[in-house]
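Single-structure report; data block below.
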């Protein structure tokens, strides 16, 4: 980051600020890297409340965001933290476990005591496999082992969901729902479009019903794995009729009669839905380019794989609608309560909440759901109640809006329905009704939401905040987020205040530092906003603001950041002028301050102890007359023999503001240790009344193939310590095996051993690692092979790594762990045991150590960083 210095320079201040990576709480994760803010699944590295009534306090230290999709956390315990002992096998289909294998990974069922079951091609194409745990095996232990397998992205029980309906009197009861939704006026505008498709994930559809002629597309039956998604239960046909029954002067009228129905049979004759069939149905609907997916089923378990699939559908422009369930409780059922799904509760004939309808903070909309008449799978008509039948009314309305506005995304379509919703108590939103029952006419004729002045929902285009300058903003649509950035130039305590003006918004703030690490702050309930502080090092920070349940509001919030002024802004630490000879240079710590003036032909030397290697930006600012000075700052390195050589200085920026002239230059080649900083005036015309300000800041050291990975903080730490460097093309070699010479070089550097040439026939004196190999050999830490060679370019095995690390750092201890592939009498057994006892390395999930396997550069970086840093 290039800094602009602006001071009132009546006295001179020198401030050297060195920024070290904040590397705390980092560990490898099975998650994949995020795409955009739209995506979100639960993650564990958060500040998390215990229950719905116990909100978390302000965030602790920064944590790395390893989420697979959206940057968010869950207040309730997520699937990731749930103990497998809680799984009730009566809720699991055929003792099944649905796994998703990571791309470019291979997985074998060997050693798991499972049978592989048939699975739809729609899931196989997305790396899913269905496993059946054998009857004589402990289901929970197998599930736990699969979740720990590094080749597996997700492993979830193949749970069973049930359709969300309440059996009712089959007598025809009229279609009062259309009055509640102002449908007759809406039909004067549109009755849907033949180009719009609603995928009905349900028990199938009876396509030969007289009121569904021409409305039903070919679909698929994932229960029986065939192309005949006929309905042998009735639930799916009832839903299809509510959406798209024909206007044909007989029977009933569907809400969007011109819309097409894609039947996706995922429920059996008993109205039960297995997760594996549901997941296959979601991916099938995506592949068939459906516009809306209706999901009128539910259960009280979460599936990471299902949620990932739903976010994929949402990101591809599909509107997702789910039934809130029918237990009449404040309980979140799924899939309706996943973040990208519109959760629909039910109202009765009077417009009040139906007695059976679930409610809670996740409810988005309501629609009539009591005694709704629709098409029967046996021909004729029947009347049923349940949130199952409220959901398709919203799905049909969404299809109508899509037909009128094909360019709108799912959030804009949801917003149009919610913007024009009405609750019985006239509240903007509440837990029983969400935003209320939508007025169909207002929704289909709605103008697009105005986002012209919206703060960016992308981190890379965040809105810049100045200290102490409040910003008023809205969360304009469902799933909206607002990104801000600000910069601090010295270690300080930053306060963030987000003042909410809406009584129905539960705002969350997520703060990211420049290394991608984050803190989550969520200490207030609805309408309370967020107010918190955190300790900041110099650098750029970004903040994401979003509503926890993805609601939106017409009411704005106000965002403001503040921190104390630099502690040395008006303070002089060194009263005397810095010395003009390097041998008597004024000692200056990077967190101290000093004074300096532009005397004629004066030389000011500072002695600075740099804790990290890398390149540094130096900014020199002065209020002197630009014509009378020509300032220069140079950094010299001492070669240990009294001779100093100037490091490369690259001018990068010049500014002049309010009479202060500043020049920024990048100094390459800083190494950890003592350096001398020289400030001088090249014109020789200034006097003691003309002062200068000097500030310094490290540049980030990044590798494109490491950024965003679990190893990033460990590699960054070693890079700053100048113990591990990258390749000439700027990459680190994340997946490359580390060579014996590379490992020797790193440890010899860290131990600061006396260098000497290696005495091996295959290590010539000109080899880049010769002196480091010789140093380790002389110290008795590393030896060659029996044939007298060292093989410097050979890969380091895990057994050799254990021996090298234990010897180099004189580790001791014994472990109770054993590895079946490490023989007790092998040459490396004792070293592997000691390394395990020190918790530096562990075996693989299958219980092996794999001593002869080459170790990667990234893996070696993690091991070394853990050894050398108490913070990692």
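In this note's numbering, the protein residues as written are 9 to 880. For glycine and all other residues, C-beta sits at the position ideal for the given N, C-alpha and C.
Taking 9 Å as the cut-off, the Cβ atoms of residue 266 and residue 399 do not count as close.
Take the alpha-carbon of residue 547 and the one of residue 477: they are about 19 Å apart. Approximately 5 Å separates the beta-carbon atoms of residue 336 and residue 364; this is inside 8 Å, confirming the contact.
Residue 544 and residue 571 have their C-alpha atoms roughly 10 Å apart. Secondary structure note for residue 479: its beta strand (DSSP E) is the uninterrupted segment 479 to 481. Under the three-state reduction of DSSP, residue 718 is assigned to coil, being neither helix nor strand. In this structure, the alpha-carbon of residue 474 lies about 21 Å from that of residue 483. For residue 874, the uninterrupted alpha helix (DSSP H) segment begins and ends at 865 to 876.
Around the C-beta of residue 130, 16 or more other C-beta atoms lie within 10 Å, and the residue is accordingly described as buried.
Cβ-Cβ distances below 6 Å link residue 868 to 746 in the same chain, with the five nearest sequence neighbours on each side left out; the list follows chain order.
Here residue 429 is bridged, per DSSP, to 446. The three-state secondary structure of residue 280, taken from DSSP, is strand. It is roughly 58 Å from the alpha-carbon of residue 821 to the alpha-carbon of residue 334.
Judged by pairs of C-beta atoms under 8 Å, the stretch 212 to 229 touches the stretch 252 to 267, as three or more such pairs exist. Within the same chain, 207, 208, 209, 210, 227, 228, 230, 237, 289, 292 and 293 come within 8 Å of residue 272 by CB-CB distance, once the 5 residues on both sides are set aside. Closest in C-alpha terms to residue 467, from the list 151, 295, 522 and 341, comes 522.
Separation of residue 512 and residue 561 (C-alpha to C-alpha, rounded to the nearest whole angstrom) is 8 Å. By the Cβ rule, the stretch 784 to 799 counts as touching the stretch 812 to 828, because three or more pairs are nearer than 8 Å. DSSP, read as helix, strand or coil, puts residue 332 in coil. In this structure the stretch 517 to 531 does not lie against the stretch 433 to 442, because fewer than three pairs of beta carbons, one per stretch, are closer than 8 Å. Closest option to residue 838, judged by alpha-carbon separation, among 685, 859, 853 and 681: 859. Distance check between residue 770 and each of 801, 760 and 397 places 801 closest, using alpha-carbon atoms only. Taking residue 370 as the centre and dropping the five residues before and after it, the same chain places the C-beta of 340, 345, 351 and 557 closer than 7 Å to its C-beta, in chain order. Across the set 757, 711 and 729, the C-alpha of 711 shows the shortest separation from the C-alpha of residue 735. Closest in alpha carbon position to residue 263, among 359, 381 and 323, is 381.
The DSSP-derived three-state label of residue 490 is strand.
When the alpha-carbon of residue 405 is set against those of 430, 450, 317 and 386, the nearest one is in 450.
Rounded to whole angstroms, the Cβ separation of residue 124 and residue 106 is 12 Å, and the two are not in contact under 8 Å.
In chain order, 390 place their CB closer than 6 Å to the CB of residue 384, counting only its own chain and leaving out the 5 sequence neighbours on each side. Looking at 298, 538, 259 and 494, the one whose alpha-carbon comes closest to that of residue 514 is 538. When the beta-carbon positions are compared, residue 812 and residue 751 come within less than 9 Å of each other. For residue 505, the enclosing beta strand (DSSP E) covers residues 500 to 508.
A distance below 9 Å separates the beta carbons of residue 494 and residue 551.
For residue 161 against residue 108, the beta-carbon gap comes to about 4 Å, under 8 Å, which counts as contact.
If you look at residue 403, you'll find it in the alpha helix (DSSP H) that goes 395 to 412.
Restricting attention to 460, 524, 455 and 489, the CA atom closest to the CA of residue 517 is found in 489.
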